[in-house]
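Encoded as structure tokens, the structure appears first; notes follow it.
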Amino acid sequence: MNRGGGGGSSQRCVFVGNIPYDATEEQLTEIFSSVGPVTCFRLVFDRETGKPKGFGFCEYRDTETAMSAMRNLNGYDINGRALR
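Right, here's the structure in full:
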């Protein structure tokens with residue numbers, strides 16, 4: 001998991017990798033809400049196939065919560081895959 005660089009919302013946005021292809025935004029929002037309120041969770045999809053690419057972005061209200069998510073959810077197992 002990586003936090004965005006720069007200022008503004010990018011400091012509150014966390015890159016999430018190694019997401020199982022069958023996971024939904026709702027499932028991931030629920031998991032990431034365990035560390036604080038999620039403003040938005042967005043899975044990235046392939047434009048041609050419409051299938052998930054296995055990564056996404058989670059945005060929180062503040063930088064501290066984003067940092068907490070990286071510390072506490074890095075390696076979290078979902079459907080047999082460890083989030084990164």
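For the sequence shown, UniProt numbering gives the first residue as 1, with consecutive numbering after it.
We treat Cβ as the ideally placed atom computed from N, Cα and C, and that holds for glycine.
In DSSP terms, what residue i is bridged to
i	result
aspartate 77	Ala82
Buried versus exposed call for residue i [16 or more other C-beta atoms within 10 Å across all chains shown]
i	result
valine 16	buried
cysteine 40	exposed
tyrosine 60	buried
arginine 12	buried
valine 44	exposed
Under 7 angstroms between C-beta atoms of residue i and residue j
i	j	result
phenylalanine 57	arginine 42	yes
arginine 81	asparagine 18	yes
proline 20	isoleucine 78	yes
Taking contact to mean at least 3 C-beta pairs separated by less than 8 angstroms, is the region 66-74 in contact with the region 19-29? no
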